[in-house]
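Take a look at the structure set out below.
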Amino acid sequence: GEAVLYIAFLDRGIDGWGASDFVKISTRSGQVNNPNGLGSPGVVDVDGDFIADYIYAGDLEGNLWKFDVSGSSPGSWGVDFGGQPLFEAISESGSPQPIIERPGAVLHPTGGDNGILVTFGTGKFIENSDRTTENQTTQSVYAIWDIDASPSVESNDHGFSRDQLAEVRFAENSGFRIRSEDSAVPVWFNEDNQPQDRGWFVDLPLDGERVIEPVLIRSNTLFFVTLIPNSNPCAAGGNGFLIGLDARNGSVPVSPLFDINGDNDFDEGDLLGSGNDIVPIGLPTGSIPNLPVVIFDRRSFCERNPGHPNCQGGGGGGGTGGGNGPQPPFPPPLNAPRVCGGNNDRALLYTTQSNGSIITTTADAGSVQCGRQGWRQLR
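Residue numbers for the sequence shown follow our numbering, so the first one is -1 and each next one is one higher.
Below, the structure written as structure tokens:
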């Protein structure tokens, strides 16, 4: 009945594992009525010293836990907020929403001194009862404001409900998902400069729709995939959507997110509506999608489209739309810090599906660090 986080010290397991080689942190407080389990953890470094400060993980009961590992001694590590969850994911009908996959995190839009937004989706696909769309709890995607995840703030602020979150809603246009006009945008502080909205959420609109993959954050865009199961044993399991929203407030990204007309550019041709003024934020998939793998294409626009009218002359480069200045070497030298995205770069999203096919989509690539990424734990 326990949801437990284990932290293993890799350098101590050489001679076999013992009680001193790992830390076990249980979320159990009092009697647990239902069998529980902890989802995949997300590790966060808030002060930039490359040492983990907090770990976030959900459980099957919809609790989002925050583990404080910022102390110098492992003996001080434990569940934050006196053993209480940061947030409880509960549907509008009052049912717990399981959190099984790794949360993501971005700095709060008003600055790192105001903490971070913890992003995650809800839902599971592990029991026989999960294989149908009937009688399923509505699942959601959340971005929760943890004010305490700041080097300078300790407010012990937790336990707020979804009523304190701004609601984003989806609509449909030409088979794509769009952000509904009646969606709200978080108001972070009130007139007295006190915290107001504690994040944002969106309920997944289709029966049985859920999130069973980790979220992916690239340049403040939150990508996630949804699953809608198909109980037919002869089918490829179901279908879903690949969706992207601004992680900071649940809004539509400023520029078109997907190259839906396949011209290797991001312009009005990738918009919907009679006035070409609607940015699609969700692509339907033919079977169950996995989280996409992102590969950056660092070629300039004209290098990708040498026949474009704006790319004629000048050795295949010039023109007004090329952006064909000197290009950095790719791949760069080993151990060289580098940035991917920006400067007319695009991102290639490869999404594998349960029917064996791969969806290739292109997305506008903002500037992010790339190459080998990691964190270190020095104690």
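Ideal Cβ positions, reconstructed from N, Cα and C, are used throughout, including at glycine.
Counting along the chain, the unbroken beta strand (DSSP E) around G56 starts and ends at Y52 to G56. Excluding the 5 residues flanking it on each side, S89 has same chain C-beta neighbours closer than 6 Å at Q95, T135 and T136, in chain order.
Annotated as proximal: G37 and G56, with beta-carbon spacing under 7 Å. Under DSSP, Q351 shares a beta bridge with P287.
With contacts defined by Cβ atoms closer than 7 Å, W198 and A141 form a contacting pair. Each residue's CA atom was taken as its position, placing C232 and N171 some 30 Å apart.
A straight-line Cα-Cα distance of about 33 Å links G73 and P193. CA-to-CA, the gap between V166 and G14 works out to about 50 Å. For the options I356, C309, N228 and N288, the alpha carbon positioned closest to that of E132 is the one of N228.
Going by C-alpha positions, S217 is about 9 Å away from D244.
Residue pairing of I142 in beta bridges, as defined by DSSP: V116 and G197. I293 and G242 have their alpha carbons spaced roughly 16 Å apart.
Residue range G236 to D244 is occupied by the beta strand (DSSP E) that includes D244, with no alpha helix (DSSP H) assigned at that position. The way I'd put it, the stretch 31 to 51 does touch the stretch 102 to 110; three or more beta-carbon pairs between them come closer than 8 Å. DSSP, read as helix, strand or coil, puts E165 in strand.
If you check the CB distance, I226 and G236 come in under 7 Å. Where F79 is concerned, the enclosing alpha helix (DSSP H) starts and stops at D78 to G81.
In the assembly as shown, P83 is a buried residue. Its beta-carbon has 16 or more other beta-carbons within 10 Å. Inter-residue distance for L58 and I210 is about 12 Å (C-alpha atoms, whole angstroms). In the three-state reduction of the DSSP assignment, L8 falls in the helix class, which pools H, G and I. In this structure, I145 lies away from V139, with their beta-carbon atoms at least 7 Å apart.
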